[in-house]
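Protein chains in written order, with the numbering used here: chain L, 378 to 932; chain E, 3 to 111.
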Amino acid sequence: VTTNLAPLPVVVPLAAAAVLLAIDVLSIRRWAPAVAFAAAVAETAVAVALLHHTGSVVWFGGWAPRHGVAIGVAFTIDRIGAAGAVLGGGVVTAAVLATPSTVDDAGGLFYALLMTALAGIAGFCLSGDLFNMFVFFELMAVSAFALAAYRTRDVASLRAALSFAVTNSVGAFLVIIGIALLYARTGALNLAQIGRQLTADGRADRLVIMATTCVVVGFLIKAAIAPFHLWLVDTASSAPVPLVMVLAGVLDTLGVFAVARVYWTVLAPSFAAHHAAVRAILVGAGALTAVGAALAAVRTEQPRRRLAFVMISHTGVLLVGVGCLSAAGVAGAAVYAVGDGTAKAALVAGLARAGRAGGALLALGGLAVAGAPVFATALGKAGIDGALSSAGLGWVPILLVLTSALTGAAMLDLAVRVWRAAGEGGVGAGGVGAGGVGPVVGGAALLGGSAAAALLGRWAGGAAGAFTDTAGYAQRVLDGAAALPARAVPAVGFTTASGVADAVGLVGAVALTPLLARGVLRAVRRWRRSSPGDAVAWATVGAAAFATGLAVALR
Amino acid sequence: VTYLPYAVAAWLFAVGLYGVVTSRNLLHQIISLSVAQSSTYVLLLSVGFRTHATAPVFADVPATRAAVDPVVQALSLTDVVVGATVTALLLAIAVQVHKRTGSLDPEGT
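Right, here's the structure in full:
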């Protein structure tokens, strides 16, 4: 099964980036936003079309596998990957809309960097090759580093960009070390091939533990899971608004997506006997991140820094879902990723706009992160709660309720502040920009996407069934088998327990908001900016802890 | 099998990270990062190395001749390109920081 559409989500934004650079040279900069907008919309449309070609495997240059051995490089289209490309396109489209009013002097170069980031996002989601995943991740990372440092007059944002680039590069080194070790053992770079060789080899020994640690920790650094999160706090509080929207909407999510993809295509059979231990490590890291960052969010005064902690906290929730190591967990996490990513990007847009419109975006986005059932966050969390109960971790949802209440209250408090400031004719709370109409339109569209994603319950069940079918994936990629009927996975839906949990979280968020406004819990008024050295030191500690945990679990 | 290249890779990664963590100068920090990255080149090339094998170019030797693994060489090249991009970008940012603050201290003031 193949399709000619597969390369387009990467080709369209890259071609647009080239056009945008020409626009800069030709001094017709007023066309730049239109070109970038058209390209981002086109990428989104192609990715939506790809959703109808799931099961396709596209071998570039016709280098299809012979006798089950892959030498070429493939895009493998599955629903969750294609949905990632759709999400990326949607968030970048909104970021393009928000650019003219939030970035001074954004020429073709700025938009070109947004486009190369989008090409990286799309290629990363569709790639069936571990090394190409690394290359596409670096394409989006380097674009994001340059965007973070775009305002060269602002020393704080330059320093944040340094921390961002240095920490994420260390993550990239870890990923490539892991890839080298896996290649040394299996002689393969294709995900399905590595998985099949590892399974045939049957050893989950120190080399596999080491490789797993490197790849997983490398991607978790890029996902800003605690203790790898320091770079994101500084970057999200000083980088240009459109970049922060992309970070909040997709980039962090993709780090967790990568862990899930590598686990289910490569590692699952090797760790089959150790599921419980690996689950404990991933869910533990996710839950600590979720609760810790949520507490940090309500204790932080500065609006964008607070939002950064909300971003980190909810990436932790996503890791909890993926860490359940079940199809149900992946299904819940997929719904949550779409519903929460769009809501967080809308919150960034809301903070960029003073006045009632910004306040309204923040209020709706706050309700979304708190888990109002209109938005897909609630459905996604219900799915994650269900997966946790099935995994015998029924107490973890309590932590997720606490997380929703705290992060929801943190955002609703900001909404109240911005709304009040608008009533008094002020320019808004500290750190809130003037903004134009672009962020409002983009933010509203994103919130619409978050609401629409609430219809994905049934879709996500089937998508996760295919995503977690390791043997089926390998047969599709290596043996040219037609897409197998995915294992039946129940649709993501609400249960009584998850409904109660959701209601408690939502009510808690609303109840906490007035307390926050009165300054209860708020303590951290000044945050010491972390240097790249601090961030890398913490990353090293976290990597060592992860490796130790895995080694102890698998001894 | 000799473990020397792997030990070298581990050492380069460790000293590179130590340099990044303890550095008091942005240029030193960026170069330390490059040192850490060079460990990945050493690792990749040693994974594909075979004793008494030639380079993977078969223009003037019999195709049956043992050759080192060309795949890891391609990976290293890609890795070098990514590394060069990041280093160039980081140095450009460091230049801007120096221009604005007159200092190359990573902690700032």
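Where is the CB? At the ideal position from N, CA and C, for every residue including glycine. Keep in mind it's a predicted model, so treat the numbers as computed, not measured.
- With fewer than 16 other Cβ atoms inside 10 Å of its own Cβ, L:Val-897 counts as exposed.
- In the structure shown, the three-state DSSP call for L:Asp-506 is strand.
- Taking L:Ala-392 as reference, the option from L:Trp-440, L:Ala-496, L:Val-450 and L:His-429 with the minimal CA-CA separation is L:Ala-496.
- Contact fails between the segment 679-690 of chain L and the segment 573-586 of chain L, because fewer than three Cβ pairs, one in each stretch, are under 8 Å apart.
- The beta carbon of E:Gln-39 falls within 8 Å of a beta carbon belonging to chain L, placing the residue at that interface.
- Of all residues in the segment 521-536 of chain L, the ones placed with a Cβ closer than 8 Å to any Cβ belonging to chain E are Phe-522, Ala-523, Ala-526, Thr-529, Arg-530, Val-532, Leu-535 and Arg-536, in chain order.
- Taking a Cβ-Cβ cut-off of 8 Å, the neighbours of E:Leu-19 in chain L comprise Val-547, Val-913 and Thr-917, given in sequence order.
- Annotation: the continuous alpha helix (DSSP H) that includes L:Thr-692 extends over 680-700.
- For L:Leu-539, the chain E residues whose C-beta falls within less than 9 Å of its own C-beta are Leu-28, Gln-31, Ile-32, Leu-92, Ile-95, Ala-96, Val-99 and Pro-108, listed in chain order.
- Sequence-distant Cβ neighbours of L:Thr-431 in its own chain, meaning closer than 6 Å and more than five residues away, are Ile-454, Asp-455 and Arg-456.
- Taking 8 Å as the cut-off, the Cβ atoms of L:Ile-658 and L:Leu-931 do not count as close.
- Judged by beta-carbon spacing, L:Lys-758 lies beyond the 8 Å limit of L:Leu-779, meaning their Cβ atoms are not closer than that value.
- Separation of L:Ala-613 and L:Gly-505 (C-alpha to C-alpha, rounded to the nearest whole angstrom) is 31 Å.
- For the segment 432-495 of chain L, the continuous alpha helix (DSSP H) assignments of 4+ residues that do not extend past its boundaries occur at 456-479, in sequence order.
- By the CB criterion at 8 Å, L:Ala-409 and L:Gly-484 fall inside the cutoff.
- Around the beta carbon of L:Trp-641, 16 or more other beta carbons sit within 10 angstroms, so the residue counts as buried.
- DSSP, reduced to helix, strand and coil, places E:Ala-68 outside both helices and strands of the structure shown, so it counts as coil.
- At least 8 Å separates the beta-carbon of L:Gly-500 from that of L:Gly-555.
- Between L:Arg-676 and chain E, the shortest Cβ-Cβ separation is not below 8 Å.
- In this structure, L:Ala-723 places its C-beta atom within 8 Å of the C-beta atom of L:Gly-742.
- The C-beta distance from L:Val-425 to L:Val-463 rounds to 6 Å, short enough to meet the 8 Å contact threshold.
- In the three-state DSSP reduction, L:Asn-545 falls in the helix class (H, G or I).
- Three or more beta-carbon pairs separated by less than 8 Å are not found between the segment 641-656 of chain L and the segment 743-757 of chain L, which leaves the two stretches without contact.
- Under the Cβ distance rule, E:Leu-77 counts among the residues neighbouring chain L, one pair being separated by less than 8 Å.
- DSSP places L:Ile-405 outside any alpha helix (DSSP H), giving it a letter other than H or E.
- For the set E:Val-10, E:Leu-35, E:Leu-92 and E:Glu-109, the Cα lying nearest the Cα of L:Tyr-527 is the one of E:Leu-92.
- 8 Å or more divides the Cβ of E:Ser-36 from the Cβ of E:Ala-11.
- With contact defined as three or more Cβ pairs closer than 8 Å, the segment 470-489 of chain L and the segment 629-640 of chain L are not in contact.
- Residue burial annotation: E:Tyr-5 is exposed, with fewer than 16 other C-beta atoms found within 10 angstroms of its C-beta.
- Three or more pairs of CB atoms, one per stretch, sit closer than 8 Å, so the segment 622-633 of chain L contacts the segment 709-724 of chain L.
- DSSP places E:Thr-53 outside any alpha helix (DSSP H), giving it a letter other than H or E.
- Taking C-alpha positions only, L:Phe-871 is separated from L:Gly-760 by approximately 7 Å.
- If you ignore the 5 residues before and after E:Val-44, its C-beta comes within less than 8 Å of the C-beta of Pro-7, Val-10, Ala-11 and Leu-14, all in its own chain and listed in chain order.
- DSSP links E:Asn-27 through a beta bridge to no other residue.
- L:Pro-909 belongs to the set of residues whose beta carbon lies under 8 Å from a beta carbon in chain E.
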